[in-house]
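Peer 1: Residue numbers (this note's numbering): 1 to 264.
For glycine and all other residues, C-beta sits at the position ideal for the given N, C-alpha and C.
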Amino acid sequence: MPLVMFLHGKRRPRRTGELARVFGAGLVAGATAAVSAMSSRKAVTAAKVGTGHPVKHRALDLAAGALQPKYPLDAMNTYLNGFHMYADDMGRQVEATHFCIHLRPDLHQCVIFDRNAPDARLIGIEYIVTEERFRELPDDEKRLWHSHHYEVKSGVLVAPGVPELAEHAYFTDLVKTYGKTFHTWQYDRDDFPYGIPQLMMAFTADGQTDQALVDARDRELGTSAERKRQKRADIPVPDLVPGANPWESGRSLQTRLEEVDFKR
Numbered sequence: 001m002p003l004v005m006f007l008h009g010k011r012r013p014r015r016t017g018e019l020a021r022v023f024g025a026g027l028v029a030g031a032t033a034a035v036s037a038m039s040s041r042k043a044v045t046a047a048k049v050g051t052g053h054p055v056k057h058r059a060l061d062l063a064a065g066a067l068q069p070k071y072p073l074d075a076m077n078t079y080l081n082g083f084h085m086y087a088d089d090m091g092r093q094v095e096a097t098h099f100c101i102h103l104r105p106d107l108h109q110c111v112i113f114d115r116n117a118p119d120a121r122l123i124g125i126e127y128i129v130t131e132e133r134f135r136e137l138p139d140d141e142k143r144l145w146h147s148h149h150y151e152v153k154s155g156v157l158v159a160p161g162v163p164e165l166a167e168h169a170y171f172t173d174l175v176k177t178y179g180k181t182f183h184t185w186q187y188d189r190d191d192f193p194y195g196i197p198q199l200m201m202a203f204t205a206d207g208q209t210d211q212a213l214v215d216a217r218d219r220e221l222g223t224s225a226e227r228k229r230q231k232r233a234d235i236p237v238p239d240l241v242p243g244a245n246p247w248e249s250g251r252s253l254q255t256r257l258e259e260v261d262f263k264r
């Protein structure tokens, strides 16, 4: 019998203990079904991604997927989609699909892919800190970070599939945070992860983001940056801490390779 029907029918539980047992049974059943569904999806995903691989490799991948726990990956509970630009070139803009965990009260950590698909390319990482933590960083360190105020207020950053009220509450907190992002795969330029990690930045004003990229993303995910902007109009814009978004000064940072003496 469905839980809602049970609670509102003649057999409605009268004691807290009984109610707890009903909810507990429901949660266990739901969790069991979810684990079963996840296992099936993992098997299908592994089979799909492994297409073209030798049979031995595909068998090993399927076995590892079914038997090995991946606790850090399972803990990635937030899915965000937005856009980054290279810290030294606003003309190079790429879509970034984040999967994040709220590791500590003042720190999120995210892995970034080019899209949300079984065969997505791993393109980078991002660390997100609170305003309080960002204020404590050394001035040189602050130059590696960007603010999230415009991404949130503009509606360009979205959490696909999350109910409107929950998403609004999440972004009310995120608008005050700062991120440090490096991309390890310049997928806008190469079909292989050549080169060294590149520092990335976020947009801070209208007219900077390539609208064609945003429109294409909105069509793909069934969302609307403009509608999100309207829904988030009541989210206060924080006073930005000096030091972030260094490119706004006309000078920025970017990583380079340097040959050095090897220390024995």
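With burial defined as no fewer than 16 other Cβ atoms inside 10 Å of the residue's Cβ, what is the status of Glu-126: buried or exposed?
Peer 2: The count along the sequence shown starts at 1 and reaches residue 126 at position 126. Glu-126 comes out buried.
Peer 1: Could you pull out every unbroken beta strand (DSSP E) segment of at least 3 residues lying fully inside the stretch 48-125, listed in chain order?
Peer 2: 78-86, 89-104, 107-113, all fully within the stretch 48-125.
Peer 1: Which one of Gly-195, Ala-59, His-148 has the shortest CA to CA distance from Glu-258?
Peer 2: Within the sequence shown, numbered from 1, the residue matching residue 258 stands at position 258. Of the candidates Gly-195, Ala-59, His-148, the one whose C-alpha sits nearest the C-alpha of Glu-258 is Gly-195.
Peer 1: Work out the CA separation of Phe-262 and Val-111 for me, nearest whole Å.
Peer 2: If you number the sequence shown from 1, residue 111 lands on position 111. If you number the sequence shown from 1, residue 262 lands on position 262. Computed Cα separation, rounded: 31 Å.
Peer 1: Excluding sequence positions up to five away, which residues of its chain have a Cβ less than 8 Å from the Cβ of Thr-268?
Peer 2: The structure shown does not extend to residue 268, since the chain spans only 1 to 264, so no value can be given for it.
Peer 1: Going by the DSSP bridge assignment, what does Lys-180 pair with across the sheet?
Peer 2: Walking along the sequence shown from the start, residue 180 turns up at place 180. In the DSSP output, where bridge partners are listed per residue, Lys-180 has Tyr-127.
Peer 1: Short check: CB of Asn-77 to CB of Leu-221, under 8 Å?
Peer 2: The count along the sequence shown starts at 1 and reaches residue 77 at position 77. The count along the sequence shown starts at 1 and reaches residue 221 at position 221. It is not a contact, given that the beta carbons lie outside the stated cut-off.
Peer 1: In the DSSP output, what is Val-265 paired with across the bridge?
Peer 2: No information on residue 265 is available, as it lies outside the stretch 1 to 264 that the chain covers here.
Peer 1: Just to check my reading of the structure: Gln-176 and Pro-238 have Cβ atoms closer than 8 Å, yes? What is that Cβ distance to the nearest angstrom?
Peer 2: Within the sequence shown, the letter at position 176 stands for residue 176. Within the sequence shown, the letter at position 238 stands for residue 238. The residue asked about is misnamed: residue 176 is Lys in this sequence, not Gln. The Cβ separation is near 5 Å, so the contact holds.
Peer 1: With respect to the alpha helix (DSSP H) encompassing Gln-198, which residues constitute its N-terminal and C-terminal limits?
Peer 2: Looking up residue 198 in the sequence shown gives position 198. That residue, Gln-198, is in no alpha helix (DSSP H); its beta strand (DSSP E) goes 198-201.
Peer 1: Short of 7 Å in beta carbon distance, which residues of its chain neighbour Thr-255, apart from the five on each side in sequence? Order them along the chain.
Peer 2: Taking the first residue of the sequence shown as 1, we reach residue 255 at position 255. Contacts found: Ile-196, Pro-197, Gln-198, Leu-199.
Peer 1: Going by beta carbon distance, what residues of the same chain come within less than 8 Å of Thr-97, once the five residues before and after it are set aside?
Peer 2: On the sequence shown, position 97 is the one that residue 97 refers to. Closer than 8 Å at the Cβ level, and outside the excluded window around Thr-97, lie Tyr-79, Leu-80, Asn-81, Ile-112, Phe-113, Asp-114, Arg-115, Asn-116, Ala-120.
Peer 1: In whole angstroms, give me the CA-to-CA distance for Cys-100 and His-108.
Peer 2: What you label residue 100 is simply residue 100 of the sequence shown in a count that begins at 1. What you label residue 108 is simply residue 108 of the sequence shown in a count that begins at 1. One C-alpha to the other measures close to 6 Å.
Peer 1: If you drop the 5 nearest sequence neighbours on each side, which residues of the same chain put their C-beta closer than 8 Å to that of Tyr-150?
Peer 2: Residue numbering aside, residue 150 sits at position 150 when the sequence shown is read from its first letter. The residues are Val-156, Ala-202, Phe-203, Thr-204, Ala-205.
Peer 1: With distances taken between CB atoms, is the gap from Ile-123 to Tyr-187 smaller than 8 Å?
Peer 2: As a working note, residue 123 is residue 123 in the sequence shown. As a working note, residue 187 is residue 187 in the sequence shown. Closer than 8 Å, so yes.
Peer 1: If we ignore side chains and look at the alpha-carbon of each, how far apart do Asp-88 and Pro-69 end up?
Peer 2: Position 88 of the sequence shown, counted from the first residue, corresponds to residue 88. Position 69 of the sequence shown, counted from the first residue, corresponds to residue 69. The alpha-carbon atoms of Asp-88 and Pro-69 are separated by roughly 39 Å.
Peer 1: Since Ser-147 sits in a beta bridge, which residues does DSSP pair it with?
Peer 2: Here residue 147 refers to the residue found at position 147 when the sequence shown is read from its first residue. Partner(s): Tyr-178.
Peer 1: What are the start and end residues of each continuous beta strand (DSSP E) run of 3 or more residues lying completely inside the stretch 192-260, in chain order?
Peer 2: The stretch 192-260 contains these whole beta strand (DSSP E) runs: 198-201.
Peer 1: Do Asp-106 and Arg-133 have their C-beta atoms within less than 8 Å of each other?
Peer 2: The residue you call residue 106 lines up with position 106 of the sequence shown. The residue you call residue 133 lines up with position 133 of the sequence shown. In contact: Asp-106 and Arg-133 (Cβ atoms closer than 8 Å).
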